[in-house]
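Down below is the structure, laid out as C-alpha cells.
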C-alpha cells in the first residue's frame, strides 16, 4: 500500500514547533548539529512519558533510537565548538536526511498519541507498517553514515553501531493483543450484520475493561473521531467508509447502552467551535511546504480533490463529497443552491490531469482512484452496510424510549442524537420515524430548555428531507403550529433558522404550501427573519418564501403581512437577492401582486440593479419580474419600468450575453416596450441589437435603423 494511503484524515492540530520542521538549507555545520540536537531533544521530552495506549512497543523503540541519535549529535556539537575538523560531505547529507526522518517521526508519534483508541485499533496493521518503514530508512541512513570519519568517541560509536545492528535485524512488529482486540471489534460488526445484537456483557468487557472507555464523554469523542475519518476518507484506505459507518453505529449504540444518558454533557452546539481538519500524514508534510491552489480544492471538504466530477449545474466537486451530499437527500448544488436537473456525475478529466501535474511538480502524494471512470450511478448507490443499519435501529429504540419517558436532560440528549442520526441516510430517517420519534419531538418543540428545543426542531428538519416523513410531520396534531412557534419565538437563533428551513422542506409538497401559509404567523415570521436574520437565516427564510410564492393562493396573504416588502428589501442583499427576485417574478404574475410590487418604491430600482450586477440566474429572475410587472401591473407599472434609467442598455446586454431564458424574457420585454406609446424614443435601436444577438454573423449596421424610429417595428424579434 502506498505511503499516502496508510493514514486517513485527522484533525489538523498544529504544534507550536511544527514550523521548525523546514528542510535545513545552507546551515553551517555547527548550526545543523545544534538544530538536530534541539529537535531530537524536543521529541524525547514530548513523547518519552506519553501513555501510548496502542503501538507502545513500536513507539518506545523509535524514541530509543532518537535518544541514541541525540547522544551522537550532542557529542559532535560539543566537539564542533572546540574547532573540530569539518564533517565529510556524506555525513552532512545523512544529517539532512535525519532531519526529515525526525520530522516524520514526530508526526507518527503525535498521531499515535492523539488519535482515538478505536481508530488506532482499526489501523493497527497500517501504523505498524509505517513504524517498520521508518525503521528501514533509519537502517539505510546508518549504513551510509561514515561512522569512522566523524571522530566519535568509543562509547558513542559503540552505541551507534549497536543501533545500526538492531535496525538491520528489526522486523515488522504487530502487537498480538492489539490484533485480537481488533478482530473482536470486527466480530461485533458481524453479529449486527447477521441481525443479532451482541451480548451486553461482551460489549462492556471490550469497551470499558479492554479499551478503557469508561464514560459517555470519552465514548462520544471516539464517535466524533471516527465520523471525521468518514468525512475525510480516502478511497483506497481500509476499512472502507461503509465499514467505518458500521463501527460508528456500534459505538453509538454502546454509548447509550453502557453509559446511559448523562445530563451534565448537554450544551448548545457552537458554530465557532469547528474542529480544524488534518489530512493524511504524508499530505500534512506536503502542506507544510506548499499551498494547494483554491481551484484544486473541493468546495465541500476543502481538501485536494482526488476524483473531481461535474454535476448538472456545472460546478466541480470531489466525487466522495458530492456522493455523500446526494445520499443525505439533498437535491441542490451545494455551492449555488440551484436544483439539480439530474444526479449524474461527469468526470472532470482536464482538472484531474492538472491536479496530477501540480502534485507531481510539488512532490505531493496523489493516487487517482482506480474506479474514477466507472459509471457514476454505481458510486451513488453506495449505502451503509447492514450492520450500521441494524446498530442504528437498536440505538433509535433506546433513544425513543428516553425521548418518551426520560428526564428533561435525557430528552435533550435523545433529541440531539436523533438529530445526528437523521442527518445522513434515508434509511435512518425512515426507521426513526417508524420508531415513533416524531410525536415526541413535536412535544419538545415547546420545551423551555433551549437545547431540547433546538435539537428537536433540527431533528424534525433532518427527518423532513425524506419525502415519506413530510406527511407524518404535517399530519401530526399541532406539529406545524409548534414549528411556526419556534420560528416566531424560538429560544435560540439556530432554532428559529432551522424552523424556517423545516418549512422550506415541507413546502416542497404543493398541497402543503397553502396549509403553511394559512398557519398563523408563519409568513410574518419568515418575512421578519428575512429582514433581520443572520445570513444563513435570511437564506432559509427567502427559500421558504420562494416555495410558498409558487402557490397563487398565497399571494394575498404574503402581501397582507409584508412579505412582499421584505422580498423587495432583500434585492439589495447579495446572498438572497436571486431567490427574492424569483419570488417577486412569481408574485407579480397576478394583478394583485403586480399592484403590491408596483407600490414598493425600491422594487424597480432593485430589479434593475440585479440585472446589472446579479448572478446569471439573478438576472433571469430580475428581467422576468420586470416583464410580468409590465404585463400584469397596467399602464402605471409599465411607465415606471419604462422610465428606469439604463434599462435599454441592460436589456441589449442580456440579449447578447444572457442565458437562454434571460434572452427570451428580454425579447418579450422589448416587444412590450415597442407596443407602448413613445417606446421608440427610448428603445429605437433595441430591435437591431437583438437581431445581432440572434445571428452568428451580424449584418452591416444600416444608419437608418438608428434614426428611423419606425424601422425596429418591422424587424422580427427571435423567441428562443
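Residue numbers (the working numbering): 16 to 735.
Heads up, the beta-carbon is just placed ideally off N, CA and C, and yes, glycines get one too.
Residues near residue i by beta carbon distance below 6 Å, same chain, minus five either side
| i | result |
| --- | --- |
| residue 509 | 469 |
| residue 655 | 619 |
| residue 760 | In the structure displayed, the chain extends from 16 to 735; residue 760 sits before or after that span and is not available. |
| residue 413 | 271 |
| residue 103 | 161 and 164 |
| residue 325 | 331, 361 and 363 |
| residue 131 | 237 and 240 |
| residue 89 | 52 |
Beta-bridge pairing of residue i - partner residues as DSSP gives them
| i | result |
| --- | --- |
| residue 319 | 312 |
| residue 325 | 331 and 361 |
| residue 347 | 354 |
Straight-line Cα distance separating residue j from residue i
| i | j | result |
| --- | --- | --- |
| residue 678 | residue 201 | 60 Å |
| residue 663 | residue 361 | 39 Å |
| residue 253 | residue 262 | 13 Å |
| residue 522 | residue 442 | 22 Å |
| residue 156 | residue 142 | 21 Å |
| residue 209 | residue 406 | 11 Å |
| residue 344 | residue 438 | 9 Å |
| residue 552 | residue 482 | 23 Å |
| residue 316 | residue 158 | 43 Å |
| residue 335 | residue 400 | 17 Å |
| residue 246 | residue 213 | 27 Å |
| residue 227 | residue 332 | 40 Å |
| residue 357 | residue 75 | 54 Å |
| residue 65 | residue 138 | 20 Å |
| residue 177 | residue 238 | 43 Å |
| residue 359 | residue 425 | 42 Å |
| residue 265 | residue 501 | 33 Å |
| residue 62 | residue 242 | 27 Å |
| residue 434 | residue 477 | 7 Å |
| residue 516 | residue 556 | 7 Å |
| residue 21 | residue 145 | Note that residue 21 has pLDDT 35, beneath the 50 cutoff, so the model's placement of it is unreliable and the number below is only indicative. Residue 21 and residue 145: Cα-Cα distance of roughly 8 Å. |
| residue 295 | residue 514 | Residue confidence for residue 295 is low, a pLDDT of 40 falling below 50, so the modelled location carries little weight; the figure read from the coordinates is stated next. Cα-Cα distance, rounded: 38 Å. |
| residue 311 | residue 207 | 40 Å |
| residue 546 | residue 585 | 7 Å |
| residue 645 | residue 687 | 8 Å |
| residue 94 | residue 117 | 22 Å |
| residue 320 | residue 371 | 10 Å |
| residue 591 | residue 544 | 12 Å |
| residue 565 | residue 529 | 10 Å |
| residue 150 | residue 129 | 21 Å |
| residue 577 | residue 542 | 7 Å |
| residue 286 | residue 140 | Note that residue 286 has pLDDT 46, beneath the 50 cutoff, so the model's placement of it is unreliable and the number below is only indicative. When rounded, the distance between both Cα atoms is 36 Å. |
| residue 67 | residue 73 | 10 Å |
8 Å Cβ cutoff met for residue i and residue j
| i | j | result |
| --- | --- | --- |
| residue 124 | residue 77 | yes |
| residue 276 | residue 467 | no |
| residue 611 | residue 574 | yes |
| residue 70 | residue 135 | yes |
| residue 411 | residue 446 | yes |
| residue 648 | residue 613 | yes |
| residue 51 | residue 133 | no |
| residue 5 | residue 415 | Outside the shown range of the chain (16 to 735) lies residue 5, about which nothing can therefore be said. |
| residue 615 | residue 672 | no |
| residue 596 | residue 603 | no |
| residue 196 | residue 225 | yes |
| residue 461 | residue 497 | yes |
Cut-off 7 Å between Cβ atoms - residues of its own chain near residue i, not counting five sequence neighbours on either side
| i | result |
| --- | --- |
| residue 351 | 328 and 330 |
| residue 660 | none |
| residue 219 | 273 |
| residue 668 | none |
| residue 571 | 607 |
Any non-hydrogen atom of the ligand HEM within 7 Å of residue i CB
| i | result |
| --- | --- |
| residue 668 | Questions concerning the ligand HEM fall outside what the structure shown contains, since it holds no ligand whatsoever. |
Residues near residue i in its chain [Cβ-Cβ closer than 8 Å; skip 5 each side]
| i | result |
| --- | --- |
| residue 627 | 661 and 665 |
| residue 154 | 179, 182, 183 and 185 |
| residue 567 | 604 and 605 |
query: Fully enclosed by the segment 398-458, which alpha helix (DSSP H) runs are 4 residues long or longer?
result: Inside the segment 398-458, DSSP marks whole alpha helix (DSSP H) runs of 4 or more residues at positions 401-420, 423-436 and 441-449, from first to last along the chain.
query: Whole alpha helix (DSSP H) runs in the segment 251-277 with 4 or more residues, listed along the chain?
result: The qualifying runs are 256-274.
query: Enumerated in chain order, which unbroken segments of the alpha helix (DSSP H) with a length of 4 residues or greater are wholly contained in the segment 559-635?
result: With a minimum length of 4 residues, the continuous alpha helix (DSSP H) runs that stay inside the segment 559-635 are 570-575, 578-585, 592-602, 606-614 and 618-628.
message: Please give the ranges of any alpha helix (DSSP H) in the segment 86-135, keeping only runs that are unbroken, at least 4 residues long and fully inside the region.
response: Runs of the alpha helix (DSSP H) inside the segment 86-135: 104-129.
In chain order, each alpha helix (DSSP H) run of at least 4 residues that lies wholly inside the segment 456-517: Restricting attention to alpha helix (DSSP H) runs no shorter than 4 residues, the segment 456-517 encloses them at 465-479, 482-490 and 494-504, ordered along the chain.
field: beta strand (DSSP E) segments (min. 3 residues) lying fully within the segment 187-211
entry: Here no run is fully enclosed.
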